[in-house]
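**Q** Numbering (mature numbering (1 follows the signal peptide of the UniProt record, and there is no 0)), first residue to last: -19 to -1, 1 to 440.
Don't be surprised by glycine CBs; every beta carbon is placed ideally from N, CA and C.
Just so we're clear, the structure is a prediction, and the values are computed from it rather than from any experiment.
Handing you a structure now.
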């Protein structure tokens, strides 16, 4: 009897996994809005690919593959029919594997971005493809990724590196918009609670969060000057650190000017402190890609746990470098935030909603005519009258995120002429440092826009 019930329970998943039914008909889906659940599932797809890429970067992975009899090229004997030692194991591990896994993810999301152009409600037939057919979409993503490993080496690695750098830069810009939106939303939420009651407690919380962010930023500045500059060199680092320090101070002072406060009463130092801390991260990330090893010490070497690479040797590409770990954390926060955030006032949806004809709908309670039935969890179709986010842009953002994670896992290193090793190059430095300047510029624009565009409502 238990086996029969289990089979029936699994049968209830079939409309969701293999059919066009969206998550609102699936017992396996959590309760919530279909727009949010769908985005979280796509985020899970991406995280699965990231996990596979991380595994392929683990040390000793190539050695383990070569232990399989007859699997790799040049192996002794063959116990796998049809393989006969023709598999190039060099492509299955290291940065080459990361490039191909991320290529598969990127092409999958780019394809869906093109398919979902101009979808305006869940009544569109293409919306069923977006919200359902999960098994077939997983199979398609897997097939594209596997096919990527059959791409000849040739110029693929170099071309895909530059495409990845451009896409990662664009994703950093999206990160900046999400960060500024988060900063303003955080400040607005706490100011509202402070005005509603218990003002001393919330004022102390605001002050503490702001002070912690500025303290971390100041500590970062000191460490930058100590470890990433030298009296007889590292001029570029000195310029980067000094310029960004002055820009952050200027933006912080601007946020509390009377004119700014008059047009935006809830603008304050909390947002400035968050932007300042993120700018310090971008500055550090840029300096970690400098080709000159004297101006680019490893974090483990700084704290005394690891010595720097000998002169003339390139560092091994690995995702557990400090830069890679921080980049992964920011990536996760960005993807999850964009998947969950659903306020009509948020700049996230104003960014992702590309058509004025689409309705921007608040995530709300279940419709009165929605029947839960047997009491199991169901997602609610809240997009019958209009989508709450642009399907096409959401997939395009995940396409850029795939390129960003590819560059993060490979430390933004560039493949050399023979594609055997990776080295730091100046283009990566300039991409990151320029993104830090754009970050501050975007934040300053959110402060001065109401003063410049007086005929627009910024409430």
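Excluding the five sequence neighbours on either side, which residues of its own chain have a C-beta within less than 7 Å of the C-beta of residue 151, listed in chain order?
**A** To locate residue 151, count along the chain shown from 1; it is residue 170. 381, listed in sequence order.
**Q** Between the region 263 to 278 and the region 239 to 252, do at least 3 Cβ pairs fall closer than 8 Å?
**A** Short answer: they don't touch.
**Q** Would you please state the rounded distance, in angstroms, between the beta carbons of residue 447 and residue 232? I believe it to be under 8 Å.
**A** Outside the shown range of the chain (-19 to 440) lies residue 447, about which nothing can therefore be said.
**Q** For residue 25, report the span of its alpha helix (DSSP H) as first-last.
**A** Position 44 of the chain shown, counted from the first residue, corresponds to residue 25. Here the alpha helix (DSSP H) through residue 25 covers 15 to 37.
**Q** Evaluate the contact criterion for the region 118 to 125 versus the region 383 to 392: three or more CB pairs, one atom per stretch, below 8 Å.
**A** Too few Cβ pairs lie closer than 8 Å, so no.
**Q** Give the secondary structure of residue 212 by DSSP, where H, G and I count as helix, E and B as strand, and everything else as coil.
**A** The count along the chain shown starts at 1 and reaches residue 212 at position 231. Of the three classes helix, strand and coil, the one that applies to residue 212 here is coil, per DSSP.
**Q** Applying the 10 Å Cβ sphere with the 16-neighbour rule, what's the burial state of residue 156?
**A** Sequence index remark: in the chain shown, residue 156 carries index 175 (1-based). With 16 or more Cβ atoms within 10 Å of its Cβ, residue 156 is classed as buried.
**Q** Classify residue 131: buried if its beta carbon has 16 or more other beta carbons within 10 angstroms, exposed otherwise.
**A** Taking the first residue of the chain shown as 1, we reach residue 131 at position 150. Flag for residue 131 reads exposed.
**Q** Within a Cβ cutoff of 7 Å, which residues of the same chain sit near residue 85, ignoring the five residues on either side of it in sequence?
**A** Numbered from its first residue, the chain shown carries residue 85 at position 104. Only 122, 125, 126, 129 meet the Cβ criterion.
**Q** For the candidate residues 29, 377, 426, 314, whose alpha-carbon lies nearest to that of residue 94?
**A** Numbered from 1 along the chain shown, position 113 holds the residue referred to as residue 94. Answer by Cα proximity: 377.
**Q** Buried or exposed for residue 422, going by 16 or more other Cβ atoms inside 10 Å?
**A** Numbered from 1 along the chain shown, position 441 holds the residue referred to as residue 422. Exposed, because fewer than 16 other Cβ atoms sit within 10 Å of the Cβ of residue 422.
**Q** So, under 8 Å CB-CB, residue 215 and residue 276 are touching, yes? Tell me the CB distance rounded to an integer number of Å.
**A** Start at 1 with the first residue of the chain shown, and residue 215 comes out as number 234. Start at 1 with the first residue of the chain shown, and residue 276 comes out as number 295. Yes, residue 215 and residue 276 are in contact; Cβ-Cβ is about 4 Å, under 8 Å.
**Q** What number of angstroms, rounded off, separates the C-alpha of residue 90 from the C-alpha of residue 379?
**A** Translated into the one-based positions of the chain shown, residue 90 becomes position 109. Translated into the one-based positions of the chain shown, residue 379 becomes position 398. Approximately 6 Å between the Cα atoms of the pair.
**Q** Does the region 412 to 431 come close enough to the region 219 to 232 to have 3 or more Cβ pairs within less than 8 Å?
**A** The region 412 to 431, when compared against the region 219 to 232, does touch it at the 8 Å Cβ threshold.
**Q** Among residues of its own chain, excluding the 5 on either side of residue 141, which ones have a beta-carbon nearer than 7 Å to its beta-carbon?
**A** As a first step, residue 141 must be located in the chain shown, where it is residue number 160. Here the set comprises 80, 84.
**Q** So, for residue 373: in the same chain, excluding its five sequence neighbours on each side, which residues have a beta-carbon less than 6 Å away from its beta-carbon?
**A** Working through the chain shown from its first residue, we reach residue 373 at position 392. Cβ neighbours of residue 373 beyond the five flanking positions: 94, 97, 98.
**Q** Apply the 10 Å Cβ neighbour rule to residue 20 and answer buried if 16 or more other Cβ atoms are within range, or exposed otherwise.
**A** For the purposes of this step, residue 20 is taken as residue 39 along the chain shown, with counting starting at 1. Its Cβ being crowded by 16 or more others within 10 Å, residue 20 is buried.
**Q** Could you give the DSSP three-state label for residue 176: helix, strand or coil?
**A** Counting from 1 along the chain shown, the entry for residue 176 is found at position 195. Looking at residue 176 - three-state DSSP - the assignment turns out to be helix.
**Q** Going by DSSP in three states, residue 204 sits in which element: helix, strand or coil?
**A** Working through the chain shown from its first residue, we reach residue 204 at position 223. It is helical.
**Q** Below 6 Å CB to CB, which residues in the same chain sit around residue 432 once its five sequence neighbours on both sides are set aside?
**A** What you label residue 432 is simply residue 451 of the chain shown in a count that begins at 1. Counting only Cβ-Cβ distances below 6 Å, and skipping sequence neighbours, we find 244.
**Q** Whole-angstrom Cβ separation of residue 34 and residue 82, contact assumed at under 8 Å?
**A** The sequence position of residue 34 within the chain shown is 53, counting from 1. The sequence position of residue 82 within the chain shown is 101, counting from 1. About 5 Å; that satisfies the 8 Å criterion.
**Q** Quick check: residue 383 and residue 27, are their CB atoms within less than 8 Å of each other?
**A** Taking the chain shown and counting its residues from 1, the one referred to as residue 383 is at position 402. Taking the chain shown and counting its residues from 1, the one referred to as residue 27 is at position 46. Cβ atoms of residue 383 and residue 27: closer than 8 Å.
**Q** Note down, one range per segment and in chain order, each alpha helix (DSSP H) of at least 4 residues found wholly within the region 101 to 172.
**A** List check, alpha helix (DSSP H) in window: 106 to 112, 115 to 129.
**Q** In its own chain, which residues sit with a C-beta less than 8 Å from the C-beta of residue 119, not counting the 5 before and 5 after it?
**A** One-based indexing of the chain shown puts residue 119 at position 138. Around residue 119: 26.
**Q** What separation, rounded to the nearest whole angstrom, lies between the Cα atoms of residue 190 and residue 251?
**A** Locating residue 190 in the chain shown gives position 209, counting from the first residue. Locating residue 251 in the chain shown gives position 270, counting from the first residue. Cα to Cα, the separation comes out at about 7 Å.
**Q** Could you have a look at residue 387 and say whether DSSP puts it in helix, strand or coil?
**A** By one-based count along the chain shown, residue 387 stands at place 406. Here residue 387 sits in helix by DSSP.
**Q** Between the beta-carbon of residue 270 and the beta-carbon of residue 405, is there less than 8 Å?
**A** Sequence index remark: in the chain shown, residue 270 carries index 289 (1-based). Sequence index remark: in the chain shown, residue 405 carries index 424 (1-based). Contact: yes.
**Q** Measure how close the beta-carbons of residue 272 and residue 407 come, nearest whole angstrom, since I'm counting them as under 8 Å.
**A** Here residue 272 refers to the residue found at position 291 when the chain shown is read from its first residue. Here residue 407 refers to the residue found at position 426 when the chain shown is read from its first residue. Contact flag correct, Cβ pair sits at about 7 Å.
**Q** Apart from the five residues on each side of it in sequence, which residues of its chain come closer than 7 Å, Cβ to Cβ, to residue 236?
**A** Along the chain shown, read from residue 1 onward, the residue named residue 236 stands at position 255. Within the same chain, residue 236 has close Cβ partners 248, 249, 250, 252, 253, 428.
**Q** Taking all protein chains shown into account, do 16 or more other C-beta atoms lie within 10 angstroms of the C-beta of residue 159, making it buried, or fewer, making it exposed?
**A** Position 178 of the chain shown, counting from 1, holds the residue named residue 159. Residue 159 is buried by the Cβ-count criterion.
**Q** Could you give the DSSP three-state label for residue 184: helix, strand or coil?
**A** On the chain shown, position 203 is the one that residue 184 refers to. Residue 184: helix per DSSP, three-state reduction.
**Q** What are the start and end residues of the alpha helix (DSSP H) that includes residue 266?
**A** Translated into positions along the chain shown, residue 266 becomes position 285. First-last of the alpha helix (DSSP H) with residue 266: 250 to 268.
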